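Heads up: the sequence lines are chains G and L, in that order. Numbering of the first sequence is given in this note's numbering, commencing with residue 68 and proceeding in unit increments. Numbering of the second sequence is given in this note's numbering, commencing with residue 818 and proceeding in unit increments. We treat Cβ as the ideally placed atom computed from N, Cα and C, and that holds for glycine. Values in this document were obtained by computation on a predicted structure and should not be read as measured data.
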Amino acid sequence: MSRPILATLALLLAPPGLAEGDLPTKRSDILPEVDQIIASHDCLACHDPESSVRERLDPILAPDLAGVTGRVDRRWLVDFLANPRETRPGTGHPHQLAGLEAEGRQQAAEGLAAFLAANGATRSQVGEPVEETSDSGTVERGRKLFHTVGCVACHGPLEDAYDLEITLVELEAELLAAEEAWEVFEDEGEEDDEEPLLVRPGTLDPDPHPLPTDLTRKYRISTLAAFLEDPVSVRPSGHCPSMGLEADEALAMSAYLLRAQSQRRDGSQERRPGLMVNVYEGSNLQQGGLARLDELKPVATEVVQAINVEPRTRDDQFGLRFTGFLEVPSEGTYRFHLGSDDGSRLHIAGEMVVDNGGIHGTKVISGSVDLLAGSVPIEVTFFEAAGGEALSLEWEGPGVERGPLPPERLWHWPLIYRVLGADGKPLEDEGAAPPQPQLVERGRKAFARLGCAACHAGVLPGPAPEVVRRPPSLDDLDGARPGQLLCLRPNGRYGFEPDVAGQLIAAFVRPAGIAADGQSADAAVQRRLAGRRCYSCHRRDDIGGVHPELQVFYVGDEEAELGDQGRFPPTLSAVGRKFRPDVLRAALRGEERVRPYLSTRMPRMGARGVDGLAEMLESSDAKAPDEVAAAPACDMELTADGRRLAGTRGLGCVQCHRFLGTESLGVQAIDMGQMHRRLRYEWFHDLLMNPANVDLDARMANLWVEGESPVQGIAGGDIETQIESIWCWLGGEENMAPPPGLETGPWAFEVDATEEPRTVAVFMEGVSPRVLCVGSPTGLHFAFDEQNARLVKAWRGRFLNAEKTWKGRAGGLETPASEDTVDFSPGLPVVPFSSMNEPWPTAVGAEAGARILGRTAHPDGSMTFRYAVGDLRVVELVQPVEVIVEEGAGTAPGARLGVERTFTVRAPLGTAVMARPLAARRFESLGAGRWSIDGGPWPVFELDEQSARLARVVEASAEGESFTAEIRIPIHMLPEEPGSQTLVGTFSWRYAW
Amino acid sequence: MEVCVVIQLLLLATLTGFSPSSALALSRPSYQEPPSRAEREARAYRVTSCPLPEGVSLEIGGLEVVPGPAGPRVLAVTRRGEMWGVDGFAGGDIAEEPTFVRVADGLHEPLGLLQDGDALLVACRGKLVRLQDTDGDHVYETHDSVTDWWRISGNYHEYNFGPAPGIDGSYWITTNKPFGAQPFGRVTWRGYALRITPDGEVTPMCAGLRSPAGVNTSPTGEVFYTDNQGEWCGASKLSLLRPGSYHGHPHGIGSTDLPEWPWPRPAALPEGQLFSDIAASGDFPAFQMPSVWFPHGEMGRSPAGFVWDESGGKFGPFEGQIFVADQYDAAVFRVDLERVGSQWQGACFRFREGLACGVIRVRFTEEGALLLGETDRGWGSRGSLTEGLQRLDWTGVMPFEIHTMRLLEDRPGFRLRFTAPASAESMAELSSYTMESYTYQSTQRYGSAELSRENPTLREAVPHEDGLGVDLVFDGLREGFVHELDASGVRSADGTLDLLHPKGYYTLVRMR
């Protein structure tokens, strides 16, 4: 039913430039190549900076130059300015000095560099060492990160997925061995046998944007890491987005990308036994723990044979980071036991295997990992805030008995890094030389004259020494002769290939054609998604998605068992009406991380990159108002039904979706606690009606069987009402009551009294170790203290989480599962007592001669308690009731759940019996045995008719209590039968709050 | 094809310990792997597991069988405080999916269940409760407190076990001692056996119990209990709850100063002394030597519920013997007692292992099947599950076992009787047997090593004429010692089988 509709949709949405029904196969099918070139060179930054055409082009903005000389090597900068295309092949930067002779070029470049260093440099290289260190374990971590977090979506992989299975060191050894054996890995004719990859229609060719080849000249580990951590602060349009790398991750990735700079410390090829350890000293490490190590610089680095706290330089406020390789003897599952005081973590091959973080005494946490034979990178991080310190790591596995890692299986390879020169050889330290003022001034003039500021922000050139010719606007260019287009002359600033120059000429002499098809909302979205390469990961309306060649790099968390949904980023179809507006914007900015199972990270392109896109998506995806399901008006009943529907005996949402951080019963799909906050009801409704409505690839199955709900017992089996119910329940967000059937986490012990009454005996906090909790489907629950023979609490809402009674050896003290709780007045409610004025006896339990005799449960959730108070024999029926207040003397009408307590008391002849139902600060009579309490419309207290006649409000000032008044009822006792020696009296009251 | 066959033969040969050359002779009647111990156990005693419906937690604390609406119904009280009725599991025909109905809840971690007429008695943490179904719907909605004479501190370990039926119509429960936090304050009468009359009158009977997880009454009306190894309890044991007796743990000994303790005040045991010396000294008349010690490890770690076989042979050849559940080992052991003077003593044997979870309760059905109630929450156990209900049925196959191990009447030594005829040759051979004796010490440390080890000398082995037993005459038997016999050399009459469980552990408290 839904497929034909979507097919039609695809037809309507076929990108411009394609015949109807044809799906695009490459980016240029959506975004014409010439538009891409104009955008990537940001031509309009000079020619028409304010035009709407430029905005539609979504140009790649030039880097912000503030602090540039702190980021990049000065020698590279001079070379780049003197000869951009030779220094950085493929650069879009114009060769502004092309018109000068070689010597003048060099001087001008030196001047520009000096000017940039003198102006706006926020960081300085002066005094920092040119040599930096890392180690091959860190390189491996960076290698893994680069290939899994999503960099490959734009840049393509730097290595074969097959090669990533083994370490670079082993790869190198294998290559050497192969060379020696005259086996050169050339085409072995296998390609012919390989089956062609099945490419789903609409998937775009990978079209990678290669990494620049001059990184090793331009950056050092620390400067490239700083860039990787926050690329958008330098490249403001966010086309190179932040991948959310932590500082240590950025350093690792940087060490990998710059590995050509590295040399083994002494040039030898030998492994070094033991692990490298960096020692850190910090302060206040209890704040932040292990994460703080990334901010600190090591105070010492050494090589050790064992993992323990020995390398420390002091006993408190220190950290350790061990890195290197572990040689695994044979393939299999290995278990690691990491013990520490305070926190520690173990990473193997870049994966966190044990998380023993936090402040604690010596605690051992274990984790398992499957390993192949050979060397794997290993990293242990540790910190100690204060007190004792300890660290140990043991392993066990196939043929390995539990014990410490043997020193002979640990090795490392320390690496030093030096920036490379144009000849590929390491450069020496330049030394610090103050910029010469003349040179700076010359550079300033050149910067102004060349119009650098038209593209680059961050540095202000001051007044231009001469009138700079303003570049012609698009209007000016309309109808221009090709020869007038200076930028496009051969060997000019840009050096375009003739065919590219030809396209650009055609575009600029008829500028109305530039980005002309970006007018409709749908086309605008497609252009933007193609321009930003969103389609490399996401599919939307039959376009895009991960290309089969790259799918191997999208690993995901297999334990989530979500199949492709657990590997590939989600569809973008209908996102414009899926998310609430602020969530859509946050999601596009990469700030909504709700899929912990994906290895790729949603890139953060910065607000400038995506806010416009959010609006486009919203207008593209909007449905006509009459097609949009309106959000329901929720009440307690709908909410309660929703909870049941989500459980195992309902529609079973909990089978697949996590609940407030607790694992679901099966696959680990998105947390239910996130849904209401993120989604619009209209989309949620359409999803539940049929997941294929909003996403053809959804793993989620249709809930309904031939148009009928499989759960007929809830909400009348009506599908619309059931969807509304679930929505209402989700509306509780982090306060949602857990669905029935959750077997793990803190919810595994939820006692569900919504279907039938439940009774659980517990130790109760602040009461006694013998408290009976009685829950009922009415939603009103109560607790009876069997040790002291008195009703102690009543509450509404969730009944009880019995984790402290049912988990492990248990023995914890329970509290009601709801805050909506009242404590009944202290003391016993009925005692052998006759005074209206003397203080009410405070004794309870054995001290008052009170003890529980028994109880009888009733099917409606009420319960009868039998207890003795001295000679009195009390039978008390406790029932949930609805207390209704009609319009009356100064009160608002309403109904609330409360308790009714009905007493039958037997006593020997001659015994006076008094009841005290309630003590409070203030009672206001509402007439007919009814009072409001403490001045509000609620709580409300009402007595049976006879007791109402007998009851009195008396002053009370029991010591240490907050109440000042109480109600006393002298109970009317009559012989049980004529002539009987036993008196009996009955009375009851109701209380709701 | 031929190659494959040879490889398979070689493999088999390797597995069975045959050398490759002898494997080539396998064209003779094919060699059969002797059945493993587990297989032999299973041939004689079949295990059936009760599938649990979704949402039912069955951490069993007590078991009974009552007439249900559709045949015999298992009642199981659970550590979550519920009582479940299970239909279709206790009778002759076991249903594929027995049905479950919750018939009571709100019990406070009950660890015992006893049927008494129409009522059920349950020891909860805070009280002994009598459950009744007053309206005939098989739901026990009325709970009467028989007594809440004792107090609890809110410590998780203050479990109560039982009741066991006293011969006079009373109920016996045992009270566990606390470990760790006592949020509502320390209380009295922990580590006791209490006798409670049906109208709630309580008499403390025995003191010094540690973790008395099983209590039951013998066919002769004496009440026994099991205790778990730990501090002041050198090895797990089965002991007689002789009125006024003291069992060695000093935690609750202070309560014997209270007026409710009607017996002489027992003396605490000295640190580090061997139980054999304590018993021999005569200085500790209240101290009760165990009937059986269960050597730690070989005979489980945590004995719990136990029951006498009164099935009249429906459960096999062990009528009158005791079957003991072990909470750690996921196993059931067998105990045979004899009375020597005033002392009940005897031997324990392994019986059936490989159950789904640690077993804490055992109860016979009318048909002579043994129901097993299981939970390992908080302590862990062998087995694949964490809770559940199973049953053991005798298949009719006679296991080749030591039936009894008892003291000889007239000479120092033991008389072994077997469940099936054994070869006279193997029985007479002295090297068929080894024996070691050891005892334990009373110490505050956690458990005791096996101390003062010796090997009594076997002088004579005289097979019985009926082929079903042998008299073993030893030098060097000692009172107060476990005598661990290994009869591995004894073969069945046709020589094909060794004993299924060749070891017996006899706790010799008194010589005849």
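Sheet register partners of residue i (DSSP bridge)
i, result
"residue 961 of chain L", "G/921, L/947"
"residue 904 of chain L", "L/890, L/916"
"residue 1153 of chain L", "L/1164"
"residue 871 of chain G", "According to DSSP, residue 871 of chain G bridges with nothing at all."
"residue 292 of chain G", "Looking at the DSSP assignment, residue 292 of chain G forms no beta bridge with any residue, so it has no partner."
"residue 1259 of chain L", "L/1090"
"residue 487 of chain G", "G/493"
"residue 848 of chain G", "G/862"
"residue 962 of chain G", "G/951"
"residue 432 of chain G", "G/405"
Residue from the options whose Cα sits closest to the Cα of residue i
i, options, result
"residue 622 of chain G", "G/364, G/664, G/737", "G/664"
"residue 1044 of chain G", "G/1059, G/974, G/638", "G/974"
"residue 283 of chain G", "G/276, G/301, G/291", "G/291"
"residue 629 of chain G", "G/667, G/767, G/685, G/569", "G/767"
"residue 883 of chain L", "L/897, L/1102, L/1184", "L/1184"
"residue 544 of chain G", "G/557, G/242, G/576", "G/576"
"residue 1193 of chain L", "G/914, G/1020, G/877", "G/877"
"residue 125 of chain G", "G/818, G/641, G/591", "G/591"
"residue 1108 of chain L", "L/1299, L/1219, L/905", "L/1299"
Straight-line gap, residue i to residue j (C-alpha atoms, nearest Å)
i, j, result
"residue 842 of chain L", "residue 1308 of chain L", "Low confidence applies to residue 842 of chain L: its pLDDT is 35, below 50, so where it sits in the model is not reliable, and the reading given next is rough at best. Approximately 26 angstroms between the Cα atoms of the pair."
"residue 131 of chain G", "residue 755 of chain G", "47 angstroms"
"residue 873 of chain L", "residue 397 of chain G", "43 angstroms"
"residue 511 of chain G", "residue 554 of chain G", "23 angstroms"
"residue 218 of chain G", "residue 174 of chain G", "37 angstroms"
"residue 296 of chain G", "residue 311 of chain G", "7 angstroms"
"residue 1324 of chain L", "residue 957 of chain L", "43 angstroms"
"residue 232 of chain G", "residue 1114 of chain L", "45 angstroms"
"residue 57 of chain G", "residue 578 of chain G", "Given that chain G is displayed from residue 68 to residue 1060, the structure contains no residue 57 of chain G and the question cannot be resolved."
"residue 480 of chain G", "residue 619 of chain G", "29 angstroms"
"residue 668 of chain G", "residue 518 of chain G", "37 angstroms"
"residue 1321 of chain L", "residue 1038 of chain L", "26 angstroms"
"residue 428 of chain G", "residue 392 of chain G", "28 angstroms"
"residue 952 of chain L", "residue 959 of chain L", "10 angstroms"
"residue 457 of chain G", "residue 357 of chain G", "15 angstroms"
"residue 865 of chain L", "residue 1091 of chain L", "43 angstroms"
Spatial neighbours of residue i in its chain, beta-carbon cut-off 6 angstroms, leaving aside the 5 residues before and after
i, result
"residue 350 of chain G", "384"
"residue 968 of chain L", "1004"
Buried or exposed by the 16-neighbour rule on C-beta atoms within 10 Å, applied to residue i
i, result
"residue 887 of chain L", "exposed"
"residue 781 of chain G", "buried"
"residue 431 of chain G", "exposed"
"residue 868 of chain G", "buried"
"residue 1315 of chain L", "buried"
"residue 1048 of chain G", "exposed"
"residue 825 of chain G", "buried"
8 angstroms Cβ shell around residue i - same chain, five flanking residues per side excluded
i, result
"residue 278 of chain G", "222, 225, 324"
Cβ-based neighbour list, residue i, same chain, cut-off 7 angstroms, excluding 5 preceding and 5 following
i, result
"residue 1232 of chain L", "1223, 1225, 1286, 1288"
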